[in-house]
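As structure tokens, the structure follows; a few thoughts come after it.
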Amino acid sequence: LSSFLFSKMLVYSDINIQGAPSWFQQPESAYVCVSTYQEGGLESVDIAKDKAKRLMVSKINEIMEIVVYDNYRNLENKSEKAFIKTFLKDDELHIFVNKNLEFKNVEHVKKKQITFVRGCIDKNVILEYEKERIGIIRKKLTHKRADEAFEELESSPAK
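Per this note's numbering, the very first residue in the sequence shown carries number 970; after that it's consecutive.
See the structure below:
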């Protein structure tokens, strides 16, 4: 998990978007970051921040999908695979992001009427979150398997 997270974040090359600040889309080694922009006046600051929150939720969901794939790709039981997919999305992920997202950079360019935003979460915080989610999935799958085993025992004829 941690090796994926860190290798995934190192894939970025030097990106330069004309008109954007130098920090835009630049990786930070200790953080998972998202960058976005929004055209408009000062109201665009809050809109860009909200957009960054949604981007971070998507980014964490993508990481989670890969982590689950890496951990459970060898499952042959289709019902178990489907069961795992039901726990893949965390309905409260947006709360985690709201709690942990730091806006490292916010820049409104009045002349061009555009706002640039970069929000980051410490990689270790995301790593702990991902470990917790995998633990929950593992526990739910174990309970499902145990329930199915008990049902099978109860339904088999007594000898």
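Ideal Cβ positions, reconstructed from N, Cα and C, are used throughout, including at glycine.
Since the structure is predicted, the reported quantities are computational estimates derived from the model, not experimental observations.
- Under the three-state reduction of DSSP, E1031 is assigned to helix.
- In the structure shown, K1073 falls within a strand segment according to DSSP collapsed to helix, strand and coil.
- Counting along the chain, no beta strand (DSSP E) covers D1116; the unbroken alpha helix (DSSP H) around it starts and ends at K1092 to S1124.
- By the C-beta density criterion, V1078 is exposed, having fewer than 16 other C-beta atoms within 10 angstroms.
- Non-local beta-carbon contacts of L1057 in its own chain, meaning distances under 7 Å to residues more than five positions away in sequence, involve M1033, E1034 and V1037 in chain order.
- Under DSSP, G1088 forms a beta bridge with V1003 and F1072.
- DSSP places S1048 inside the alpha helix (DSSP H), whose first and last residues are K1047 to T1055.
- Setting aside the 5 residues that flank it on each side, K1109 is surrounded in the same chain by F1056, each with a C-beta closer than 7 Å to its C-beta; the list follows chain order.
- No Cβ-Cβ contact shorter than 7 Å links I1064 with I1106.
- Of all alpha-carbon atoms in E1097, E1076, K1081 and V1094, the one lying nearest the alpha-carbon of R1087 is that of E1076.
- Taking 8 Å as the upper bound for CB-CB distance, G1009 and Q1082 are in contact here, some 6 Å apart.
- Per DSSP, the beta-bridge partners of E1008 are I1083.
- Within the same chain, Cβ atoms closer than 7 Å to the Cβ of T1005 are found at A1017, K1020, A1021, L1024 and V1086, the five residues on either side in sequence being excluded.
- In the DSSP secondary-structure assignment, V1078 is bridged to I1083.
- Excluding its 5 nearest sequence neighbours in each direction, V1026 has C-beta neighbours in its own chain below 6 Å: L1062, H1063 and V1066, listed in chain order.
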